Amino acid sequence: MKTEHRPYLGFGLGLRTEHYEALLEERPKVDWLEAISENYMVEGGKPLHYLDRFRRDYPMVLHGVSLSIGGSDPLDAEYLDRLAALIDRVEPLWVSDHLCWTGHRGVNMHDLLPLPQTEEAIAHVVERVRRVQDRLKRQILLENVSSYVSYRHSAMPEWEFLSAIADRADCLILLDVNNIFVSAYNHEFDPRRYLDGVDPRRVRQFHLAGHQNNGSHIVDTHDHPIVDGVWQLFAQAWRRFGPVSTMIERDADIPPLAELVAELEQARAIAADAEAAAPVAP
Amino acid sequence: MTAGAETALAGLQRDFQDYLLGRPHEMLARVRSTAKADAATLLDVYGAAYVLRLVEVLENDFPGLRAWIGPERFDALARAYIAAHPSDHANARWFGRHLPGFVRQAAPWSGECAIRDLAALDWAVGEAFDAAESDLVTFADMAGQPPEAWPGLRFAVVPSVRRLDLKTNADAIRRAATAGEALPEIEPAPRALAVWRRGLETEILDLEPDALVAFDALAAGEPFARICERLGDFHPEEMAAVRAAGLLRAWIELDLIAVVTAEG
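Chains H and B are the protein sequences, given in the same order.
Residue numbers are given in the working numbering: position 182 of the first sequence equals residue 182, and the series is strictly consecutive.
Residue numbers are given in the working numbering: position 214 of the second sequence equals residue 1214, and the series is strictly consecutive.
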């Protein structure tokens, strides 16, 4: 297993078309970039032109939304071929997708739909992760998603579900701190228990993002600055997991790049404080 | 498990998807209510997002059409399309690919030339935007061809080329819409267009009747001599080859020609 020496990239941003020119002109303090795989699964033109250009200047990882690792349809061979070709082009530091399903019987919902936390689903996902890792010739990272419903027949907390899959499939984890916060609010569990339930050796990356609180539930909208509660959870995660490559996702109401760079500075400061306050466990 | 039997996981996914697609379902019995929200409210987060996400995809892919029919009619069209064509591709980039065909056939959209033209044009521009790269034929390549080779020369256009035959001035409407300018009146104005990408930018070329015949022949791989013959239908014999050479020169300059091959 290759998880003992965790590579650390620092503090990054999700690559968004709205920021292409500003990234080139302003050269802000952004340590690395995460590109959405599907946005670049095209033949040519601007998307690949800019992707190649940024890849020359930044460490880059690929983050997919359509793998449907928990789906019941057969794995999409054409999708995996295209992803493999993109990986060859980009040579990313790593590749991630979500612990979810996105469609059924050939129809795609283009959403990150939650899985039931059952032994059946664990076995199903583990077998598919192994096949994907064989096809891509690398470990993948699976990200915990925000969810709004929990199923009556779920048999374990989500952190046990995620951990069991990572252990049995020998894959890595992209821990989305905002998603833990959102799901904890929606399903009424203590988010610190989630952090405590995940093996630090499996965690390769953190996501941070903003959300929208509707009172009765929180929706993971990626259209707001990060809230205090998520920052606090991030500090706790940093204390537990140590330095983990961290990035901010913004997908709607995208502000000028400088605002996200300032938010990234906030992440750096919180991480530094967390590190100073509590020595990282071995 | 016998072949074809549905697993519990697959059954849940079928039911959840039926809910999202507005079909009969039993999802309410499968999910928990919380102290703050009942199961229906929580499920609706997914239900509302499903349609809104796909409407947004179509808004981005059909800017000319949306500007022409306005946000409200476009929203109705998008929802009708989403209901008729649930996404069958892993990448939302391709979700709208059936929309030009949909508006050709589905009332009330099919009755309006401008809607049909703008849907086809918007999608063609989107396809050209991220189509494959290729080499480009240069004037130096052509200068290197011996005179006796010219009649047998064949060409290929760049992979981003999309040919459209429209009945209206939809290209002018799209151009104004994407520039944020006032839209011109729609006019019945049959035209033949080539849409392609030049460098990183998409372009639209309006082909005159003789240029259209020559372009389609060239794109189909016909030899230069045959292209000249076809232009003989429009020009005196001695002028057809001059016109063919002029068109070829213009298209090379516009980065439309990817390949030249000599016969034999």
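Even glycine gets a Cβ: it sits at the ideal position worked out from N, Cα and C.
All of these numbers come straight from a predicted model, not from anything done at the bench.
Bridge partners of S245(H), per DSSP? Taking the first sequence and counting its residues from 1, one reaches residue 245(H) at position 245. S245(H) pairs with Q205(H).
Excluding the 5 residues flanking S150(H) on each side, which residues of the same chain have their C-beta closer than 6 Å to its C-beta? Here residue 150(H) is taken as the residue at index 150 of the first sequence, counted from 1. Closer than 6 Å at the Cβ level, and outside the excluded window around S150(H), lie H187.
State the Cα-Cα distance for the pair E158(H) and V145(H), rounded to the nearest angstrom. Counting from one through the first sequence, the residue named residue 158(H) turns up at place 158. Counting from one through the first sequence, the residue named residue 145(H) turns up at place 145. The alpha-carbon atoms of E158(H) and V145(H) are separated by roughly 10 Å.
Once the 5 residues before and after P225(H) are set aside, which same chain residues still bring their CB inside 7 Å of it? Here residue 225(H) is taken as the residue at index 225 of the first sequence, counted from 1. Cβ within range, chain order: G210, E263.
Going straight from the alpha carbon of Y1081(B) to that of L1054(B), what length do you get? Numbered from its first residue, the second sequence carries residue 1081(B) at position 81. Numbered from its first residue, the second sequence carries residue 1054(B) at position 54. The alpha-carbon atoms of Y1081(B) and L1054(B) are separated by roughly 10 Å.
Do the CB positions of S1160(B) and A1128(B) come within less than 9 Å of each other? If you number the second sequence from 1, residue 1160(B) lands on position 160. If you number the second sequence from 1, residue 1128(B) lands on position 128. A contact, by the Cβ cut-off of 9 Å.
Leaving out five residues before and five after A1189(B) in sequence, what residues of the same chain have Cβ atoms less than 7 Å from its Cβ? Numbered from 1 along the second sequence, position 189 holds the residue referred to as residue 1189(B). Hits under 7 Å: T1168, N1169.
Once DSSP output is grouped into helix, strand and coil, what is the label at P59(H)? Residue mapping note: residue 59(H) aligns to position 59 of the first sequence, counting from 1. DSSP places P59(H) in coil when its eight states are reduced to three.
Segments of 4+ residues assigned as alpha helix (DSSP H) that fall wholly inside the region 1015-1040 of chain B: none
Taking the alpha helix (DSSP H) that V90(H) belongs to, which residues open and close that run? Position 90 of the first sequence, counting from 1, holds the residue named residue 90(H). Element bounds for V90(H): 77-90.
Which partner residues does S66(H) have in the DSSP bridge list? In the first sequence, counting from the first residue as 1, residue 66(H) sits at position 66. In the DSSP output, where bridge partners are listed per residue, S66(H) has none listed.
Rounded separation between V182(H) and N213(H) - CA only: Within the first sequence, the letter at position 182 stands for residue 182(H). Within the first sequence, the letter at position 213 stands for residue 213(H). Rounded to the nearest angstrom, the two C-alpha atoms are 9 Å apart.
Can you tell me whether DSSP reads Q212(H) as helix, strand or coil? What you label residue 212(H) is simply residue 212 of the first sequence in a count that begins at 1. Looking at Q212(H) - three-state DSSP - the assignment turns out to be strand.
Taking Cβ positions, are H104(H) and F1016(B) nearer each other than 9 Å? Against the first sequence, residue 104(H) aligns to sequence position 104. Against the second sequence, residue 1016(B) aligns to sequence position 16. Going by C-beta atoms, H104(H) is nearer than 9 Å to F1016(B).
Helix, strand or coil, according to DSSP, for S150(H) in the structure here? By one-based count along the first sequence, residue 150(H) stands at place 150. Coil, per DSSP.
Would you identify the three-state DSSP class for A1182(B), choosing helix, strand or coil? Mapped onto the second sequence, residue 1182(B) falls at position 182. A1182(B) falls in the coil class under three-state DSSP.
Determine, for R152(H), whether the minimum Cβ-Cβ distance to residues of chain B falls below 9 Å. By 1-based counting over the first sequence, the position of residue 152(H) is 152. Closer than 9 Å to some Cβ of chain B, the Cβ of R152(H) qualifies, so yes.
By the three-class DSSP mapping on this structure, what secondary structure does L1212(B) have? As a working note, residue 1212(B) is residue 212 in the second sequence. L1212(B) falls in the helix class under three-state DSSP.
Report the residues of the region 82-113 of chain H with a CB closer than 9 Å to any CB of chain B, ordered along the chain. R82, W101, T102, G103, H104, R105, G106, V107, N108, M109, H110, D111, L113
Taking a Cβ distance cut-off of 7 Å, strictly less, list which residues of the region 1193-1224 of chain B are near chain H, in chain order. R1197, L1200
Mind pulling the chain H residues with CB within less than 9 Å of S1087(B)? In the second sequence, residue 1087(B) corresponds to position 87, counting from 1. G103, V107, N108, M109, H110, listed in chain order.
Against N144(H), what residues of chain B qualify as contacts under a CB-to-CB distance less than 7 Å, listed in chain order? Here residue 144(H) refers to the residue found at position 144 of the first sequence. Near N144(H) there are no residues of chain B at all, since even the closest Cβ is about 17 Å away, more than 7 Å.
Alpha carbon to alpha carbon, what distance is there between V1260(B) and G1144(B)? Residue 1144(B) sits at position 144 when you count from the first residue of the second sequence. Residue 1260(B) sits at position 260 when you count from the first residue of the second sequence. Each residue's Cα considered, the two are about 11 Å apart.
Would you call the region 1066-1076 of chain B and the region 169-179 of chain H touching, i.e. three or more CB-CB distances under 8 Å? no
In this structure, does DSSP put R1198(B) in helix, strand or coil? If you number the second sequence from 1, residue 1198(B) lands on position 198. Residue state, collapsed to three classes: strand.
Anything in chain B within Cβ reach of E43(H), meaning under 8 Å, just list it in chain order. For this step, residue 43(H) is matched to residue 43 along the first sequence. Within 8 Å Cβ-Cβ: D1130, A1131, A1132, E1133, P1159.
Buried/exposed call for F1214(B), threshold 16 Cβ in 10 Å: Numbered from 1 along the second sequence, position 214 holds the residue referred to as residue 1214(B). According to the sequence displayed, residue 1214(B) carries Ala and not Phe. It is buried - the Cβ of A1214(B) has at least 16 other Cβ atoms within 10 Å.
Straight-line Cα distance separating L112(H) from V1125(B): Taking the first residue of the second sequence as position 1, residue 1125(B) is located at position 125. Taking the first residue of the first sequence as position 1, residue 112(H) is located at position 112. Going from the Cα of V1125(B) to the Cα of L112(H) covers about 29 Å.
Does any C-beta atom of chain H lie closer than 9 Å to the C-beta of V1031(B)? Indexing the second sequence from 1 puts residue 1031(B) at position 31. Yes, V1031(B) lies at the interface with chain H (some Cβ there is under 9 Å from its Cβ).
Alpha helix (DSSP H) segments (min. 4 residues) lying fully within the region 1076-1105 of chain B: 1099-1105
What do you get for R1116(B), buried or exposed, if any count of 16 or more other CB atoms within 10 angstroms of its CB means buried? The residue given as residue 1116(B) occupies position 116 in the second sequence. Classification of R1116(B): buried, given that the 10 Å Cβ count is 16 or more.
Rounded separation between H222(H) and A237(H) - CA only: For this step, residue 222(H) is matched to residue 222 along the first sequence. For this step, residue 237(H) is matched to residue 237 along the first sequence. Cα to Cα, H222(H) sits roughly 20 Å from A237(H).
Can you tell me whether E34(H) is buried or exposed? The criterion is at least 16 other CB atoms within 10 Å of its CB, across all chains shown. Along the first sequence, read from residue 1 onward, the residue named residue 34(H) stands at position 34. Label assigned to E34(H): buried.
Status (buried if at least 16 other CB within 10 Å, exposed otherwise) for S245(H): For the purposes of this step, residue 245(H) is identified with residue 245 of the first sequence, where counting begins at 1. When all chains shown are included, S245(H) counts as buried.
Within its chain, find whatever has a CB closer than 7 Å to the CB of L1247(B); leave out the 5 residues flanking it on each side and keep chain order. Looking up residue 1247(B) in the second sequence gives position 247. The residues are A1211, A1214.
Using a Cβ cut-off of 7 Å, pull out every chain H residue sitting near F1016(B), in sequence order please. Taking the first residue of the second sequence as 1, we reach residue 1016(B) at position 16. Going along chain H in sequence order, the residues near F1016(B) (Cβ under 7 Å) are L113.
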